[in-house]
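Structure first, then comments.
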Amino acid sequence: MLYPLRLLTLMSCLLLSQAPRAAGVVETDALQRHFDAAGLKGTFVLYDASADQMTVYNPKRATTAYTPASTFKIFNSLAAFDSGAVRDAEEILPYGGKPQWLPAWERDMDLRDAMRLSNVPIYQEVARRIGQQRLQAYVKAVGYGNGDIGPVVDRFWLDGPLAITAEQQARFTARLGLGQLPFSAKAMSMTRDIMQLEKTADYTLYGKTGWATNSKPAIGWWVGYLQRGDKVYGYALNIDMPTLEDAPKRMPLGKACLKALGLLP
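Residue numbers (mature numbering (1 follows the signal peptide of the UniProt record, and there is no 0)): -22 to -1, 1 to 243.
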């Protein structure tokens, strides 16, 4: 169960998370040339939290739910830190000792490295520590995606039934950037720290990729938020990835979209 002292906060956040689409939704075709240049089909969503406005390329796809895959590592980290299942970003966690798809995953490591390497077995251990009942309660409280993690605690973000749209991803990451999720301030701070990708004098960029292989073609994700001064912009990219060669295109395409929208130099 979640801590009783936060039940009122959780219920408030649940009501907020079930709000309709942003007050302003601006559809744009200006990003299509970047998708065309990459040879990819997909969507990009930018959510300006202060204006409650979404800028959307390919709106139909932006409201289509897909398995979150490794983008769920953001949520998993929040729940781990909040529940105490993982002490902090430096606690060493076991990967289980079995051969893995990537040799880099075949070692015990902390969540800072596991986030950077997108280490599946480490985060499966995290989910088992949190537990199915507690994870389901967190997902419902946040209003994350379709809210359904099913009965298998360490596979639902890879195989389903959990699914989420690009619009929902952008709202979720913006709420993390603003500290408006039903997790402790410490849990959100530690998660933001291990998500950080770039920091300059003008902006800080946070994000996480994902690769959902339970569909054909596979779905590639890059989600996170950008902070410029006191403004927070949640973003979400998803694309069809019919080949392995498409995977490295996710972040560059997402950055090209942010640049085209005037948020990156």
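We put the beta carbon where it would ideally sit given N, CA and C, even for glycine. Remember, predicted model here, so these are calculated numbers, not experimental data.
Contact set for residue i: own chain, Cβ-Cβ below 6 Å, skip 5 residues either direction
i, result
"G2", "Q31"
"Q110", "V131"
"D224", "none"
"N36", "T21"
"D63", "Asp is not the amino acid found at residue 63; the sequence shown has Ala there. R107 and I108."
Range covered by the beta strand (DSSP E) that runs through residue i
i, result
"V34", "Q31 to Y35"
"R206", "A196 to R206"
"D218", "K209 to M219"
"D126", "No beta strand (DSSP E) holds D126; DSSP gives it neither H nor E."
DSSP three-state assignment for residue i, whether helix, strand or coil
i, result
"K177", "strand"
"F161", "coil"
"A(-4)", "Summary for A(-4): the model assigns pLDDT 44, below 50, so the residue's position carries little reliability; its value from the coordinates is reported in the next sentence. Of the three classes helix, strand and coil, the one that applies to A(-4) here is coil, per DSSP."
"T191", "coil"
"G121", "coil"
"G2", "strand"
"K19", "coil"
Nonlocal neighbours in the same chain, by C-beta distance under 7 Å from residue i, ignoring five residues either side
i, result
"F134", "I127, G128 and L140"
"Q147", "T49, V201 and A214"
"D86", "I70, L71, P72 and Y73"
"R149", "Y25 and G212"
"F53", "Y122"
"A105", "N54, L113, V131 and D132"
"L239", "L24 and T33"
Segment limits, alpha helix (DSSP H) that includes residue i
i, result
"D224", "Where D224 is concerned, there is no enclosing alpha helix (DSSP H), given that its DSSP letter is neither H nor E."
"L156", "A144 to L156"
"L136", "F134 to D137"
"D7", "Where D7 is concerned, there is no enclosing alpha helix (DSSP H), given that its DSSP letter is neither H nor E."
Heavy atom of the ligand SAM within 8 Å of residue i beta-carbon
i, result
"E69", "In terms of ligand content, the structure shown is empty, and the ligand SAM therefore cannot be addressed."
Close beta carbons around residue i, own chain, < 8 Å, minus the five adjacent residues each side
i, result
"K237", "P243"
"Y181", "L204, Q205, R206, L241 and L242"
"D137", "T45, V130 and N192"
"A163", "G157"
Residue ranges of each alpha helix (DSSP H) run of no fewer than 4 residues wholly in the segment 31 to 115, ordered along the chain?
37 to 40, 50 to 61, 89 to 95 and 98 to 108
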